[in-house]
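The sequence shown begins at 174 in my numbering and counts up one residue at a time. Written out below as structure tokens is the structure these notes cover.
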Amino acid sequence: MASGTTAGFSRQSNGERATGHVSSSDRKFRYQSESETDIVPTAKSLSRLCSRNEEERATALEQLTDSVLMCLGLDRPGSNRLSQKTLLHLLRLSLSCPLQEVREKATELLRSAQEQGVAVPRALASGPSAFIPAKQILQEGLDQDILIESFLSLGRVDHVTMVMALHPAYLSCFLRTQHALLEMDGPLPRHWRHYIAVMASARHHCSYLVQQHSASFLEAGGEESWLSGLEQAPTKLRSLQTLNKLMAHRPWLITEQHIQALVCPGADARWSLAELIHAIVVLAHAHSLCSFVWGCGLNPESDHIGGFTFQPSSPSHVPRSPHSPTHEDGRQELVDGAMEVEVLMKRMVELQQQEEECSQEEIITRFERERSESIPTAVVRGAPPDMVRCLVEDPDFRYEDFAPRGEQCPTTMRAQDYSWEDHGYSLVNRLLPDMGQLLDEKFQVVSNMTYHRMAMHEGVDTHTLRKALWNYIHCLYGIRYDDYDYGSVNILLERSLKVFVKTMACHPEQTTARIYHDFWIHFRHSEKVHANLIVMEARLQAALLYTLRAITHYMR
């Protein structure tokens, strides 16, 4: 496929907007099951590269080499008996496989194909993130063991995994939960789970996750026609659309009537409670993961539309991306950033030593002040690409600030009245065994995870900062903790951080490189990724709490 068709997309990260549309030929490439002249290697032989047995893996690598070279030997110069799918698979292995022998062999095979006149693809991005230089991800250290485990278990190491690997303890929990949710036995068939994830990802225009789950949907036996528009999907799946948009943008509006419409005996295409809980967790998982994808500026995978081209690279200098911020006085910015760290350190210590308790009236006043504060989001983006737009119903329905607006204003959820620990956890575990435990472990890990450092300082207790981030996100979603002083949020979270957090939690598709780079200037990228993880999980829990509360009310 020529690079001009590949596009409809310009080179992009999920933190940058793609322009144009996906042509019908693109869509055919994306969803086509390869039955063309790709006689070898087969999907089965490629999957054996993920064997845990080293000898079997070595044999599979040898067979892959032989089959590719045989194809090249059959070809005339300039012809191509290796399918596009195989070439893209080799490209992905050459870039992201954590097993050195596989990575080097894939690179060698692509070079051999090119020498034989085959047009080989190249990745358009130099790393997993448009916001974080690949060299800095390597400098901050990736846990190779967990990357190898991911490859052996899943068959690939995607950009989500590579960035999350900066925090291996969290990544382990995330992968376990995601695997159980999408792949293990459960009330919903596997292809339905991935289609629900596609529907959820489309709400935030996240073409990265739409493509990931579309591929998994087809691999699980899903019908290709469903991906061309929601109207092609079964009525029962389409009935989730109201819940999908509310969970994505305004979960506080969800009531027991929404649940009743899906599960009551008279409902069209009735859902069982177990099925519905499964679907709800998939929706919340995908919505929150969109926040992480956009918040970290993840680039398309090398085998995604927008992630590769068959045109050779230009020898000319590549201009600086307009999405990368430039600063007129870099030295002054560094000085200001260093002062920002010192001030934040001092404020954290003061809050930890503070003994005075706030009255309930003062807590409520400070909570209302935080949730109603005007924090603008940056950019209004244009329409999403066709592959995403056709999967979105009511595209104008978006997040609106949870703030009092006359008699119709929503009621604040008091965490003491309905919490994850006392209510949500047990409900999920009862209807979807083990999932409550997996989610709880993930919440605990991201909340308690610390390296006792902050920017250039070691031996720092960051508990107050982590708690302020979590509670600020819940505040944006109208959840109040009666035992928390919301004055701490204003003290610890400076405005540029609030802009980033609110954008990522509420309008993730609006996140830009400038928003990412403008906060915590002196902090490591791994610390910013940690903040991303907190936002993602706090948002996930908030959406679950509102939806699970509605189910609890329905069950009474």
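For every residue, glycine included, the Cβ atom is placed at its ideal position computed from N, Cα and C. A quick note: this is a predicted structure, and the numbers were derived from the prediction, not measured.
N-terminal and C-terminal residue of the alpha helix (DSSP H) that residue i is part of
i	result
M622	Neither: M622 is in no alpha helix (DSSP H) and is coded neither H nor E.
C679	668–679
L717	698–728
T334	332–337
I688	686–691
L344	341–355
D318	317–327
C134	Here the chain comprises residues numbered 174 to 729, so residue 134 is not present and cannot be evaluated.
F390	380–392
D559	559–562
H364	363–376
G660	660–665
C223	No alpha helix (DSSP H) holds C223; DSSP gives it neither H nor E.
H636	636–649
N417	414–422
H431	429–436
Y657	No alpha helix (DSSP H) holds Y657; DSSP gives it neither H nor E.
N602	598–604
Q309	307–313
L410	408–411
Whole-number beta carbon distance between residue j and residue i, since they are thought to touch under 8 Å
i	j	result
A353	D607	7 Å
T232	L282	T232 to L282, Cβ: 16 Å. No contact.
A296	D316	Actually they are not in contact, since the Cβ atoms of A296 and D316 sit about 23 Å apart, beyond 8 Å.
H431	A393	Actually they are not in contact, since the Cβ atoms of H431 and A393 sit about 28 Å apart, beyond 8 Å.
C270	F324	6 Å
V702	C469	6 Å
L234	S475	About 20 Å; that fails the 8 Å criterion.
H625	V619	The pair is not a contact, with the Cβ atoms about 16 Å apart (cut-off 8 Å).
V333	V455	Contact flag wrong, Cβ pair sits at about 16 Å.
Counted within 10 angstroms of its Cβ, other Cβ atoms place residue i as buried (16 or more) or exposed
i	result
L717	buried
S599	exposed
E682	buried
S445	exposed
Q385	buried
L311	exposed
V735	Past the edges of the chain, shown from 174 to 729, lies residue 735, and the structure says nothing about it.
T259	buried
R203	With a pLDDT of 39 at R203, under the threshold of 50, the predicted position of this residue should be treated as unreliable, and no value is reported.
T684	buried
H680	buried
R712	buried
K278	buried
T584	exposed
K675	buried
A686	buried
P407	exposed
S299	exposed
R254	buried
H698	buried
Q289	buried
S220	exposed
G597	buried
E274	exposed
R653	buried
A191	Note that A191 scores 39 on pLDDT, short of 50, meaning its location in the model is unreliable and no value can be drawn from it.
D358	exposed
Cβ-heavy atom distance, residue i to the ligand NAD, below 7 Å
i	result
Y645	The ligand NAD is absent from the structure shown, which contains no ligand whatsoever.
Quick check: the segment 646–661 against the segment 368–385, are at least 3 beta-carbon pairs closer than 8 Å? No: the two stretches stay apart, fewer than three of their Cβ pairs being nearer than 8 Å.
Complete alpha helix (DSSP H) runs within the segment 265–305 (minimum length 4 residues, chain order): Fully enclosed alpha helix (DSSP H) runs of 4 or longer: 273–288.
Could you check whether the segment 372–380 touches the segment 563–573, counting it as contact only if at least three pairs of C-beta atoms, one from each stretch, sit closer than 8 Å? The answer is yes - the segment 563–573 touches the segment 372–380, with three or more Cβ pairs under 8 Å.
Sufficient close CB pairs (3 or more, under 8 Å) joining the segment 704–718 to the segment 451–464: These segments touch.
Evaluate contact between the segment 696–711 and the segment 623–641, counting only Cβ atoms and requiring at least three cross-stretch pairs below 8 Å. Segments in contact, yes.
At a cut of 8 Å, does the segment 663–674 reach the segment 418–427 through at least three beta carbon pairs? Taking 8 Å as the limit for Cβ pairs, the verdict is that the segment 418–427 does not touch the segment 663–674.
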